[in-house]
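*Asks:* Residue numbers (this note's numbering), protein chains in the order written: chain D, 829 to 1048; chain Y, 6 to 488.
Each residue gets a CB set at the ideal place from its N, CA and C atoms; glycine is no exception.
Take this structure, written in structure tokens, and hold onto it; I'll ask about it next.
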């Protein structure tokens, strides 16, 4: 029975069944299943969609739909994990957002979804994010990576402001910074002191993995 | 005044009249029930005072249908923009088609497509070439390049306009970013010209403070306004053409309402630049079919139904990285769809790839596309002279020729278009003369223009005043910590 329920959770993701996501997760918990195994089943589903996306069989819209299902199903599972005193495993914690003055989100959302699909914990600050909000979020979450997006040539210098802000707060050595966005290139990223630059969302995820290594890290 | 091209053929209609009504009705419903976000208390106060339901907490103005339709009625179907040289004045609207220059972040290598930041000299040269091109009528903001070596991003727009004023007397559009309008209005006044003002939405259904401040600024300066939205279908607009037509309509009409309240009777040209999302990358699918279909519906509604002048931007930006076949067809299919469906302006010249690169060689070649597209909508004349029935009766079947007729000699140039940057040789000539392609011809023409063309000059006093205004702008941005 456990095997069937876990397979059902994974299938919910693969079927993009957002209507049933929460109830299926609650049902699994009520039947006493290990919530860590439930979380892993959901992650398996989103990982499979991520692989399909990388191969070109599935598209952005499928990735987003799958991640919406997982986001809906996770809260009851996380609640049970906390109740049992367990810890989730992730490859790392990433804070990401689009810089102040810039409201573009699609690229950032893609990176967030792919990071999530690849086993990272993602804290998405949204768009038009001030420098100090990025810095506060890094301090509060103790994230390993800060991913900053900018899509306007008039806002790209904000990425530099954020990096300089991390330096002033004395926390720059604790966090890897990766930048992205259509006007950015490697030369710019190097000039502002970023640790990495991704020209595509997939490349961004690969760079985050290489900056951190891929050993799972326990988070409460 | 610039002539542009005069449409003599009825515009192609992609929608039925009932479909237009359905889209308009849905637009009114969206504006009444959902409204539009205006991130400016000053704007919200004006909207509230004039009948909108305003929620200051989420910056939302719900706009009643009567106010939308009243604003449409107040917007003129044609308006004038004065250049600093009257020969370059433009009268937008009606049956006239103009062409606007495109832009790109960087200059690209025409052979390899690799992009790098342009120097100020390259920027000025590109403006000079554009000033010389016969079918390029005006400029957008931050063109040709929106990155220039040694120019800080916040100074780009004023510096770019200063370059366009110095190296061209054609009309320009102002920008809306970071209070640039303050300096661009002064620069325009220094040389006695108007600008097309600028006010651009942030889809879905939102105007940021920058855009609204620019709208106020340009309207109060007495300049007509170029409004734009620019959603991505499937991202910031519905994935369907019908749905994204409605959201785009709503975004732009919200600006029309606002601007007509700020300055009743103001001239407005509405830009359409809605592209499908590329489902692999999340980027706009530049150069795609969805873009051209969206333009066609937009032009039918805004020209035919609202009677507000239209601009289409799709042809400005191919997805191809190089000056090549793909870039050529991406630009041409969209430009032709725009023109045939009644656009009053098409953004075209010089954009090489997806807003990221530009080259004046491309602008030279695009000038031929502009001529071909423009001449297409002018059609051709059918009268006794052109029908030439009497001449046909003189030409003997099989043995006769038209080549020796005065009719042929005097009318051929008017009937045809000979491109200025294309291979028109026979195969043998081509072999003997170095096997040149269109890029080679464009390069020859560009070099001729750079060597010989002289824009209408500004006076030394005007030049000095431009420098003074740019220095003031730098002080302003330094005080704001942006420089």
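Could you check the C-alpha separation between residue 962 of chain D and residue 925 of chain D for me, to the nearest Å?
*Replies:* 8 Å
*Asks:* Between residue 166 of chain Y and chain D, is there a C-beta pair that is closer than 8 Å?
*Replies:* no
*Asks:* For residue 970 of chain D, does the three-state DSSP call read helix, strand or coil?
*Replies:* Three-state DSSP puts residue 970 of chain D in coil, outside helix and strand.
*Asks:* Quick one: what does DSSP say residue 82 of chain Y is sitting in, helix, strand or coil?
*Replies:* coil
*Asks:* Quick check: what's the CA-CA separation for residue 177 of chain Y versus residue 427 of chain Y?
*Replies:* 29 Å
*Asks:* For a test of the three-state rule: what should DSSP assign to residue 59 of chain Y, helix, strand or coil?
*Replies:* Of the three classes helix, strand and coil, the one that applies to residue 59 of chain Y here is strand, per DSSP.
*Asks:* Could you tell me whether the Cβ atoms of residue 342 of chain Y and residue 300 of chain Y are closer together than 8 Å?
*Replies:* yes
*Asks:* Let's see if you can read the secondary structure: which residues bound the beta strand (DSSP E) around residue 102 of chain Y?
*Replies:* 101-106
*Asks:* Using a Cβ-Cβ cutoff of less than 7 Å, which residues in the same chain neighbour residue 270 of chain Y once the five nearest sequence positions on both sides are dropped?
*Replies:* 79, 81
*Asks:* Could you give the distance in angstroms between the alpha-carbon of residue 907 of chain D and the alpha-carbon of residue 914 of chain D?
*Replies:* 10 Å
*Asks:* Quick check: the Cα distance between residue 332 of chain Y and residue 14 of chain Y, rounded to an integer number of angstroms?
*Replies:* 27 Å
*Asks:* Taking residue 9 of chain Y as the query, report the chain D residues whose CB atoms sit under 7 Å from its CB, ordered along the chain.
*Replies:* The contacting residues do not exist; residue 9 of chain Y stays about 31 Å from chain D at best.
*Asks:* Measuring CB to CB, does residue 261 of chain Y end up less than 8 Å from residue 232 of chain Y?
*Replies:* yes
*Asks:* Tell me, to the nearest whole angstrom, how far the beta carbon of residue 241 of chain Y is from that of residue 209 of chain Y; I am working on the premise that it is less than 8 Å.
*Replies:* 5 Å
*Asks:* Measure the C-alpha to C-alpha separation of residue 1048 of chain D and residue 916 of chain D and round it to an integer number of angstroms.
*Replies:* Model confidence at residue 1048 of chain D stands at a pLDDT of 44, short of 50, so the residue's coordinates are unreliable and nothing is read from them.
*Asks:* Please check if any C-beta of chain Y sits within less than 8 Å of the C-beta of residue 889 of chain D.
*Replies:* yes
*Asks:* For the candidate residues Y:104, Y:311, Y:249, Y:62, whose alpha-carbon lies nearest to that of residue 22 of chain Y?
*Replies:* Y:311
*Asks:* Chain Y partners of residue 1011 of chain D, CB-CB under 7 Å?
*Replies:* Under a criterion of Cβ atoms nearer than 7 Å, the residues of chain Y adjacent to residue 1011 of chain D are, in order, 110.
*Asks:* Which one of D:955, D:951, D:849 has the shortest CA to CA distance from residue 893 of chain D?
*Replies:* D:849
*Asks:* Taking C-beta pairs closer than 7 Å, name the residues in chain Y that residue 935 of chain D reaches, listed in chain order.
*Replies:* Within chain Y, the residues near residue 935 of chain D are 287.
*Asks:* In whole angstroms, what is the alpha-carbon distance linking residue 468 of chain Y and residue 474 of chain Y?
*Replies:* 10 Å
*Asks:* Is residue 1043 of chain D helix, strand or coil by DSSP?
*Replies:* Summary for residue 1043 of chain D: the model assigns pLDDT 48, below 50, so the residue's position carries little reliability, and this model does not support an answer.
*Asks:* Can you grab the Cα-Cα spacing for the pair residue 124 of chain Y / residue 112 of chain Y, in whole Å?
*Replies:* So the two alpha carbons sit approximately 9 Å from each other.
*Asks:* Runs of 4 residues minimum, wholly inside the stretch 214-246 of chain Y: which ones carry the alpha helix (DSSP H) assignment?
*Replies:* Listed in chain order, the complete alpha helix (DSSP H) runs (minimum 4 residues) inside the stretch 214-246 of chain Y are 214-225.
*Asks:* Can you give me the Cβ contacts of residue 1043 of chain D inside the same chain, cut-off strictly under 6 Å, excluding the 5 residues immediately before and after it?
*Replies:* Only weak support exists for where residue 1043 of chain D lies, its pLDDT of 48 falling under 50; the coordinates are left without a value.
*Asks:* Could you say which of D:964, D:931, D:899, D:1012 lies nearest to residue 996 of chain D if we only look at CA atoms?
*Replies:* D:964
*Asks:* Does any residue of chain D have a CB that is nearer than 8 Å to the CB of residue 183 of chain Y?
*Replies:* yes
*Asks:* I want to see whether chain Y comes within less than 8 Å of residue 829 of chain D, judged by CB atoms only; does it?
*Replies:* no
*Asks:* When you compare each of D:903, D:928, D:1013 to residue 958 of chain D by their alpha carbons, which one comes out closest?
*Replies:* D:928
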